[in-house]
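Residues in the sequence shown are numbered from 0 upward in steps of one, following numbering that gives the first Met the number 0.
All C-beta atoms, glycine included, are put in the ideal place defined by N, C-alpha and C.
Encoded as C-alpha cells, the structure appears first; notes follow it.
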Amino acid sequence: MGKIDKKIKKKKNRLIFFIIILLASTFFILYTKTSFFHISSVEVNGNDKITDEKIILASGIIIDENIFKINLKVVKENILFHPYVKDVIIRRKLPNKILIEIEERKEIAIINYTGSYVYIDEEGIILNILSEKSDEEIIEIYGIEIISPKIGEKIQFSDEEMMPKVFEFINSSRMLGISKSFEKVTIDENNNVDIYMESGGKVAFGTLDDVKYKLNFLISILEELESKNQGYRTIHLDKGNNAIIIKEND
Numbered sequence: 000m001g002k003i004d005k006k007i008k009k010k011k012n013r014l015i016f017f018i019i020i021l022l023a024s025t026f027f028i029l030y031t032k033t034s035f036f037h038i039s040s041v042e043v044n045g046n047d048k049i050t051d052e053k054i055i056l057a058s059g060i061i062i063d064e065n066i067f068k069i070n071l072k073v074v075k076e077n078i079l080f081h082p083y084v085k086d087v088i089i090r091r092k093l094p095n096k097i098l099i100e101i102e103e104r105k106e107i108a109i110i111n112y113t114g115s116y117v118y119i120d121e122e123g124i125i126l127n128i129l130s131e132k133s134d135e136e137i138i139e140i141y142g143i144e145i146i147s148p149k150i151g152e153k154i155q156f157s158d159e160e161m162m163p164k165v166f167e168f169i170n171s172s173r174m175l176g177i178s179k180s181f182e183k184v185t186i187d188e189n190n191n192v193d194i195y196m197e198s199g200g201k202v203a204f205g206t207l208d209d210v211k212y213k214l215n216f217l218i219s220i221l222e223e224l225e226s227k228n229q230g231y232r233t234i235h236l237d238k239g240n241n242a243i244i245i246k247e248n249d
C-alpha cells in the first residue's frame with residue numbers, strides 16, 4: 000500500500016470516528032436534555048374484555064417517562080398479573096411510543112360455587128368470581144364441588160377424575176356449536192349430567208363417557224325434531240345406546 004493510500008485510509012478512519020462521536024453526542028443530548036424520547040402515548044391492541052386504561056395502569060408505564068428507562072421485562076410481568084391476560088408482547092416504537100399487544104383469555108364456562116359464579120377459561124384458569132351472573136352466553140354448570148377458588152389460579156375439583164371429563168364436555172360442546180342452546184348444566188352426586196335447554200326441554204345426558212359421540216347424537220336428534228316441527232320435554236341419552244324422546248304432548 001502506497002503513502003497516498005495510507006493517508007486516504009487514515010482520513011477515512013478519522014471521518015468515521017468523528018461521525019460516531021457526533022452521533023453519540025447528539026443521542027446523549029436528545030436522551031438527557033430534551034423530551035425527544037419521552038413517552039407520549041401507549042397503544043394497546045388485541046384486548047376485548049380489558050380496557051386500554053386498565054392495561055396501561057397494570058403496566059406501570061408513565062407518560063412522559065424516558066422510553067429507554069422502561070424495563071420491558073418488568074412491564075410484561077406486571078401485565079401478566081391480570082387474570083384475563085394470557086400473553087403480551089411489548090415493543091418500543093421510537094422515538095416516543097410504546098406498543099402493547101395482548102392475547103386475552105376467554106371465558107368458556109361459569110361454575111356455580113356456594114352462591115357465587117366462578118368464570119374459567121379453556122385451561123381452567125379462574126378469571127373472575129362474581130356474586131351475580133353476567134349476561135355472557137357461556138355454559139353454566141351446577142353441582143361441581145371445587146376447592147378454594149382464587150382468581151388467577153387453576154381451578155381444582157374435589158373429584159380430580161371429573162376435571163378432564165368436564166372440560167372435554169365444555170370444549171366439545173363449544174366446538175360443535177351446541178353450547179349456545181344450553182341454559183344450564185347440572186351434575187349430580189353420581190356424576191350424571193342433565194342439560195336444560197334454552198327451548199325449555201331437558202336432556203338426560205348420563206355420565207360423561209363417549210362425550211363427543213353423545214353430543215353429535217344429540218345434535219342429530221334436535222335437528223330431526225326441528226325438521227318435523229316437534230317439541231320435546233325430555234331426551235334420554237342415559238338409557239343405553241338408543242335415545243328415548245318424551246315429546247311435549249306425551
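Paired residues, beta bridge with residue i - DSSP
{"i": "I110", "result": "V117 and I140"}
{"i": "E194", "result": "The sequence as given places Ile at residue 194; Glu does not occur at that position. According to DSSP, which records beta bridges pairwise, I194 is partnered with V184 and V202."}
{"i": "N127", "result": "Y118"}
{"i": "I145", "result": "F156"}
{"i": "Y231", "result": "K246"}
{"i": "H37", "result": "N65"}
Where the alpha helix (DSSP H) through residue i begins and ends
{"i": "D51", "result": "D51 to S58"}
{"i": "K164", "result": "M161 to L175"}
{"i": "K238", "result": "First-last for K238: undefined, no H or E at that position."}
{"i": "I150", "result": "That residue, I150, is in no alpha helix (DSSP H); it is neither H nor E in DSSP."}
{"i": "F216", "result": "V210 to S226"}
{"i": "E76", "result": "L71 to L79"}
Rounded distance between the beta-carbons of residue j and residue i, thought under 8 Å
{"i": "L207", "j": "K164", "result": "4 Å"}
{"i": "I99", "j": "I69", "result": "Not confirmed; about 11 Å, so no contact."}
{"i": "T185", "j": "Y141", "result": "5 Å"}
{"i": "K183", "j": "E139", "result": "5 Å"}
{"i": "D193", "j": "F204", "result": "7 Å"}
{"i": "I146", "j": "S157", "result": "6 Å"}
{"i": "F80", "j": "F36", "result": "Wrong, their Cβ atoms sit about 27 Å apart, outside the cutoff."}
{"i": "S180", "j": "M162", "result": "In fact, because the Cβ distance is near 24 Å, the residues do not count as touching under 8 Å."}
{"i": "I244", "j": "L214", "result": "Their Cβ separation, rounded to whole angstroms, is 16 Å, which puts I244 and L214 out of contact at 8 Å."}
{"i": "R232", "j": "E222", "result": "Going by Cβ atoms, the distance from R232 to E222 rounds to 18 Å, so no, they are not a contact pair."}
{"i": "V284", "j": "F168", "result": "Residue 284 lies beyond the range of the chain shown here (0 to 249); nothing can be said about it."}
Opening and closing residue of the beta strand (DSSP E) in which residue i lies
{"i": "R90", "result": "V84 to K92"}
{"i": "L98", "result": "K96 to E103"}
{"i": "E42", "result": "S40 to N44"}
{"i": "K246", "result": "I243 to K246"}
Cβ-based burial, residue i [other Cβ within 10 Å; buried from 16]
{"i": "I88", "result": "exposed"}
{"i": "S39", "result": "exposed"}
{"i": "I18", "result": "exposed"}
{"i": "L236", "result": "buried"}
{"i": "I110", "result": "buried"}
{"i": "L93", "result": "exposed"}
{"i": "V73", "result": "exposed"}
{"i": "I78", "result": "buried"}
{"i": "F15", "result": "Contrary to the premise, residue 15 reads as Ile rather than Phe in this sequence. The residue is exposed, with fewer than 16 neighbouring Cβ atoms inside 10 Å."}
{"i": "I61", "result": "exposed"}
{"i": "D47", "result": "exposed"}
{"i": "S58", "result": "buried"}
{"i": "D120", "result": "buried"}
{"i": "M133", "result": "Here residue 133 is Ser; the residue named in the question, Met, does not match the sequence. So S133 ends up on the exposed side."}
{"i": "S226", "result": "exposed"}
{"i": "S172", "result": "buried"}
**Message:** Tell me whether the region 100-120 and the region 73-91 touch, counting them as touching only if at least three CB pairs, one residue from each stretch, are closer than 8 Å.
**Reply:** yes
**Prompt:** Looking at C-beta atoms only, is the number of pairs between the region 145-152 and the region 124-137 that lie closer than 8 Å three or more?
**Reply:** With a cut-off of 8 Å, the region 124-137 and the region 145-152 count as touching, because enough Cβ pairs lie within range.
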